[in-house]
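Residue numbers (the working numbering): 38 to 494. Beta carbons: idealized from backbone N, C-alpha and C, even for Gly. Fair warning: this is a prediction, and the values are worked out from it, not measured in the lab.
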Amino acid sequence: MNKLRFFLALWIGKAAQVMMKLLGRNATFLPGKLALKIYPDFMGYLTLPKTVIAVTGTNGKTTVSNMLTSVLTENGYSVSNNSLGSNVQSGIASVLLQDSDLLGKAKKDIAVLEVDERSSLLVYPYVKPDYLICNNIMRDSNKRNAHTDFISYIINRALPATTKVFLNADDMNCSRLAPGNPDRTYFGISAEKPEVSVTPYISDVVYCPECGGLLESEYLRYNHIGRMYCSACDLKSPEPDFLVTEIDRENNTFTVRHDGKEESYTLINDNIVNVYNLCGVIAMMTRLGLTYEQIQKGFSKSKIVKSRYDQVQSGDLTITMQLAKGQNPIACARCYHYVAQCPGTDKTVIIMVDDKGDNTNNSENICWLYDCDYSYLTDPSIGRIIFAGPRCKDHYLRAMLAGVAPEKIRLEPTINGGAAHVDPMNAQQVFVLYDPYSLDEAAYVKNQLIKLGKENG
Ligand SMILES: [Zn+2]
């Protein structure tokens, strides 16, 4: 009976996939949803690829998942990957459905599955990952997500004890995940050469999770990311097995020390969060058996996908497009910091991170602005800040409280009108920070800026 229901779910799901493709619709969510509706245990009956890798964590899942897929594909593996679709239960069911035959047997060698943390309990009991990588656990949108302790709790509850885990050693929430899993690999960035030194007033780890004592920091890179130890017991950050010892931005390389050797890799993106992501990918690929040459081959041909990061030159204007995430305070603060630390002066930044869905379908929620560190925007290299969107005045108030000089700020009530406030005579670089729900508006602003650069170049 169960088998019959499974095949019914599989075939109806597959038929839906074909129909949606014929209609030119995106089939990354509904077919899986349909199959799960017919048979909630559907995923448990699929014959999965030989190797299943799960990618989870608050920020950077898609980047890690894309990088893993890219390195594996470059080395001849066939990969099932959901990073173009949805990362909740229905999206994962959809990609597995799509990449299996009519008997439910996987057609690909490896699955690289991006798994939303909140879907852990719905996914891991059916799709048991051989490997899991988690790059960070931090506060997220407080409408959509929950407290970091809850997120750790559900991952721990759902993850099989046999999964080999790859964890960020510099994140105390992350490094303590899956306490029962013996096969653990840690990655991190050397504390000897701190890139950033800030006093983190927004931290998700303050007290020792073992004894409640106050945690001291040996060194912090941002928020709670760094090396910590407890003042009352012997808890401390674990030593990374894969450690970034050098970041050479000029030559676009970085060095990783592991197993008694040092290797130099192509730095695909120099944002420090992506250095963590890249180091995690190297750790996992190495333990999976790929050689340095194979990993480096994948890296040298990869880039961060254009919808997340892009840079164009138009006349004298350098335009950098960077995905930020509205409602996600740490992801936004990381983008502000990235703008501040990029070389150069006379920077203009257009911030269009208001969540469109929030404007129309939800109650107003601006408390995340106060969990986000706006003080990075006080950097003297930033000459003008344009807040674009219906909440521009809320951003203005927040920036003022962080000490940003009001004369540097321009307010634009429409989400796509920011380019009109750029002064090409006083801007060499324009950074556009945009929300995942505003990709069309971001593309419009980019085109406006390209025109502006051409007219004045
Ligand atoms: Zn303690």
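C-alpha gap between residue i and residue j, whole angstroms
i           : j           : result
residue 192 : residue 351 : 46 Å
residue 423 : residue 176 : 26 Å
residue 357 : residue 129 : 32 Å
residue 346 : residue 471 : 10 Å
residue 323 : residue 372 : 30 Å
residue 362 : residue 370 : 10 Å
residue 285 : residue 318 : 19 Å
residue 282 : residue 165 : 33 Å
residue 125 : residue 102 : 14 Å
residue 202 : residue 91  : 10 Å
residue 288 : residue 311 : 16 Å
residue 163 : residue 63  : 25 Å
residue 271 : residue 245 : 10 Å
residue 309 : residue 482 : 26 Å
residue 442 : residue 475 : 27 Å
residue 168 : residue 220 : 10 Å
residue 375 : residue 75  : 46 Å
residue 403 : residue 333 : 42 Å
Beta-carbon separation (whole angstroms), residue i vs residue j, contact threshold 8 Å
i           : j           : result
residue 436 : residue 446 : 6 Å
residue 143 : residue 153 : Incorrect: roughly 22 Å between the Cβ atoms, too far for contact.
residue 117 : residue 335 : In fact, because the Cβ distance is near 17 Å, the residues do not count as touching under 8 Å.
residue 99  : residue 151 : 6 Å
residue 205 : residue 172 : 5 Å
residue 88  : residue 49  : The pair is not a contact, with the Cβ atoms about 28 Å apart (cut-off 8 Å).
residue 453 : residue 492 : Not confirmed; about 19 Å, so no contact.
residue 367 : residue 179 : Not really, about 12 Å apart at Cβ, beyond 8 Å.
residue 182 : residue 155 : 7 Å
Classification of residue i by the beta-carbon crowding that lies within 10 angstroms, buried from 16 upward
i           : result
residue 238 : exposed
residue 313 : buried
residue 337 : exposed
residue 257 : buried
residue 409 : buried
residue 115 : exposed
residue 261 : buried
residue 268 : exposed
residue 364 : buried
residue 15  : Any property of residue 15 remains undetermined from this structure, which presents the chain solely from 38 to 494.
residue 199 : exposed
residue 425 : buried
residue 140 : exposed
residue 56  : exposed
residue 225 : buried
residue 290 : exposed
residue 54  : buried
residue 407 : exposed
residue 428 : buried
Residue i - DSSP class collapsed to helix/strand/coil
i           : result
residue 415 : helix
residue 333 : helix
residue 146 : coil
residue 130 : helix
residue 424 : strand
residue 348 : strand
residue 432 : helix
residue 66  : coil
residue 20  : Residue 20 falls outside the range modelled here, since the chain spans only 38 to 494, and no answer is possible.
residue 117 : strand
residue 484 : helix
residue 91  : strand
residue 178 : coil
residue 50  : helix
residue 359 : strand
residue 221 : strand
residue 453 : coil
residue 492 : helix
residue 212 : helix
residue 404 : helix
Close Cβ partners of residue i (< 6 Å) along its chain, the five nearest in sequence each way excluded
i           : result
residue 499 : For residue 499 there is no data in the structure shown, the boundaries of the chain being 38 and 494.
residue 300 : 293, 329
residue 158 : 191, 195
residue 123 : 65, 66
residue 217 : 198
residue 415 : 440, 441
Beta-carbon contacts of residue i that lie in its chain and below 7 Å, excluding the five residues immediately before and after
i           : result
residue 381 : 418, 465, 466
residue 79  : 43, 46, 72, 73, 130
residue 485 : 456
residue 412 : 439, 440
residue 497 : Residue numbering for the chain in the displayed model covers 38 to 494; residue 497 lies beyond these limits and cannot be assessed.
residue 185 : 174, 175, 176, 210, 241
Nonlocal neighbours in the same chain, by C-beta distance under 8 Å from residue i, ignoring five residues either side
i           : result
residue 250 : 244, 267, 268, 269, 270
residue 58  : 64
residue 209 : 242, 246, 252, 261, 265, 274
Which residues count as close to ligand 2 when the rule is a CB under 5 Å from any of its heavy atoms, in chain order?
Because ligand 2 does not appear in the structure shown, any question about it cannot be addressed here, the ligands present being ligand 1.
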